[in-house]
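Just so you know, we're using the working numbering here: the sequence shown kicks off at 1207 and counts up by one.
Positions of the beta carbon are idealized from the N, C-alpha and C atoms, including for glycine.
Shown next, in structure tokens, is the structure this report addresses.
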Amino acid sequence: MLHYKTIPEDYVRRTEQCAAAAQAALACNRAAHVTALRGHKLPQLAALSPKVRAFVERSAALCEPEHVHVCDGSEAEAAALLLLMRQQGTVRPLPQYDNCWLTRTDPADVARVESRTFICSERERDVVPAARAGARSALGNYIAPHDYDAAVQERFPGCMKGRTMYVIPFSMGPLGSPLSKIGVEVTDSAYVAYSMRVMTRIGSKVLEQLRKDEQFVRCLHSVGVGGGTAGWPCDPARTIILHRPADNEIVSYGSGYGGNSLLGKKCFALRLGSVIARREGWLAEHMLIVGITDPKGRKRYIAAAFPSACGKTNLAMMTPSLPGYKVECVGDDIAWMRFDDDGVLRAINPENGFFGVAPGTSEATNPIAMSTVFRNTVFTNVAETPEGGVWWEGMGPAPPALTDWRGQAWTPDTKTPAAHPNSRFCSPAEQCPIIDAEWESAAGVPISAILLGGRRPAGVPLVVEARDWAHGVFMGAAMRSEATAAAEHAGKVVMHDPFAMRPFFGYNFGDYLQHWLSLPRPGRQMPKIFHVNWFRKDQQGKFLWPGFGENSRVLEWVLRRCDDEPCHVTTPLGHVPAPGALNTDGLGDIDMDELFSIPKDFWLKETECIEKYFTEEVGEDMPSEMWNQLNTLRENIKKA
Ligand code: GTP
Ligand code: SPV
Ligand code: MN
């Protein structure tokens, strides 16, 4: 297995060469790029287009960094950032692999912080549905403009003293695609600068594009002052993540972790993205995109929305167990989708890398991820082996001795996990062995079906097809899932998570549903919508369905339904596979009756729960069509 591989012989030589190159690059960057802002302006700043330069200078005046470094995206720059991070104690090399690095964060900065994430607008109702006006909402944390300004003023003045401010011009989506958008992030974190180069397309090419078209999203980030460790400064007590869609602005303070600090991802591509998408008539969604070729050689693409840590990366990289099927990956987290002139829904992955959940990833569950992540990867909060490799729960047998994610000695008898449950790998998408040939297509790939799903231990069948588009939108609105470690939630409580977007809506959820409902038009080919649940459990708490590669069996049925094959029966919830239509050959003992059962009491309670949620969280902003759908569901269940 990979993590027990011996250390490559030439590793030491290569690290030495690399360190020498980095040292040279760093020295040259100090002279050329790393500019004392006070004093005369050096070429890199002068080369910025006027609006970018104004943003950089305003940010520098506020944060008072010692240096400003405009990222050019070069290899030398990457080497310099790594060297700097080694010196600062932010990363350690993992000699067992090729150009892989380990970061241990402050234990108080390990996931997205939903309670400190806000959307600002003049009108609260732009952000929060009617029912929650003036109160705390589970569907949109509102902040008023004066509170937003105060929050910035309380945190940012002078926060980068003695630090370098990195300026990261980045493109979400292939540079130059009509579906792509540009941002500029300024940050005082070398870890963020390095990670952004993996997760987005950064550098001089983007600056060039900005000279042609000055539209960009302004992203201001600081890890903050006053807390954390030497290698991982942060300010957990004062962390805040702010969005002002009207001004195309994101401001984040206090956290260096994932979605809190890599501002192209959830902040831009989803929260601001959803606002822009609605305005321009498209969709910005928390969805993977995957291509599936059937044994006849026909290829279709599907998109799927599952909440954080509920299986998107795994489905996006699936190794199908069904013979003759091939799966190829376009994206594992975010989809930007738009109907083209022929009425086909086309999707791009705006990202350039994977920021994937490590625990549970193994040769058995996700061999494709295993062959993606052991090169050019930054691992965060996984455990380290004595040989300079990594380990996490679910990877395979635990080695006898490890250093855990906190940096402490760990043995299989230790009661706490070796890797943090939200530990992650950050790897370039292009090195995924099944990356789709069209993954950087400017036009996007055509979407035939949309899957929705979550972790539902009880009551929810393996797969259900929506009767039509509006029913599918209702399925999305009614989605619930067990909480995971991707944010600060404690325990495994089943939470509402409509469209897997609850933490990521940039505007009023009622308006979001209305936007989805408004999409069907004459001439448009609407994808079929399905709800899936890989996570149903039996009385003993064991998963009823093997999941992972076996999910290809469900995809096969989905594609047959996309061809309008009559391989379904209708239930109160929607269409499910007709008896025998789901291929279970060779699966052994699977309790199909239990997997597809629709317990009446459970579903009556579920409808009550949905009604309460719609009433208390959305109220009069709920489109009437959603109430009709809920009534239909209730009637169907009562009749059953
Ligand atoms: P984010 O990056 O947080 O958005 O997560 P994600 O939706 O990409 O989730 P991911 O694919 O990383 O899966 C999260 C966890 O769920 C991992 O521990 C997986 O091993 C596990 N998982 C994924 N697919 C399945 C499945 O089909 N069955 C079971 N039982 N577990 C799964
Ligand atoms: C998620 O939480 O859905 C993630 C990880 O994909 S993060 O980038 O931290 O948002
Ligand atoms: Mn995600």
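Would you identify the three-state DSSP class for residue i, choosing helix, strand or coil?
i     : result
H1721 : helix
F1580 : coil
E1215 : Note on E1215: pLDDT 38, under 50, position unreliable in the model; the coordinate value appears next. Note: E1215 maps to coil in three-state DSSP.
G1537 : strand
Y1372 : strand
D1304 : strand
H1352 : helix
A1282 : helix
P1529 : coil
C1773 : coil
G1464 : helix
L1426 : strand
V1404 : helix
G1825 : helix
M1524 : coil
M1832 : helix
E1841 : helix
F1324 : strand
M1291 : helix
K1472 : helix
K1518 : helix
Should residue i and residue j be called a contact, given that it needs their Cβ atoms to be closer than 8 Å?
i     : j     : result
I1640 : C1535 : yes
C1269 : S1428 : yes
R1730 : G1549 : yes
D1394 : R1361 : no
H1492 : I1540 : yes
S1633 : T1586 : no
F1376 : I1408 : yes
V1588 : A1625 : yes
M1378 : A1266 : no
D1827 : N1739 : no
S1687 : P1442 : no
A1683 : F1736 : no
L1551 : P1733 : yes
N1582 : Q1637 : yes
W1611 : R1310 : yes
P1603 : V1782 : no
S1647 : R1506 : no
I1816 : I1656 : no
V1669 : W1763 : yes
I1804 : T1777 : yes
Should residue i go down as buried or exposed, given a rule of 16 or more other Cβ atoms within 10 Å for buried?
i     : result
R1403 : buried
L1300 : buried
H1352 : exposed
V1775 : exposed
V1316 : buried
L1810 : exposed
Q1746 : exposed
V1699 : exposed
A1664 : exposed
T1445 : buried
K1845 : exposed
N1347 : buried
Q1421 : exposed
A1260 : exposed
P1606 : exposed
S1321 : exposed
E1756 : buried
R1342 : exposed
G1245 : With a pLDDT of only 33 at G1245, under 50, the local geometry of the prediction cannot be trusted, and the value read off the model is given with reservation. When all chains shown are included, G1245 counts as exposed.
Roughly how many whole angstroms lie between the Cα atoms of residue i and residue j?
i     : j     : result
G1364 : G1430 : 10 Å
Y1400 : S1383 : 24 Å
D1744 : G1786 : 21 Å
R1662 : N1466 : 27 Å
V1319 : D1312 : 14 Å
H1449 : L1489 : 18 Å
G1530 : L1765 : 14 Å
W1542 : K1472 : 12 Å
G1697 : A1515 : 14 Å
Ignoring anything shorter than 4 residues or poking outside the region 1647-1697, list the alpha helix (DSSP H) runs there in chain order. 1675-1683
3-residue-minimum beta strand (DSSP E) runs that sit fully inside the region 1589-1640, ordered along the chain: 1630-1634
When you get a sec, list the residues whose CB is within less than 5 Å of any heavy atom of ligand 4, chain order please. Only ligand 1, ligand 2 and ligand 3 can be found as ligands here, which leaves ligand 4 out of the picture.
Contiguous alpha helix (DSSP H) assignments of at least 4 residues, all confined to the region 1746-1799: 1758-1768
Continuous beta strand (DSSP E) assignments of at least 3 residues falling wholly in the region 1486-1514: 1489-1491, 1494-1499, 1505-1511
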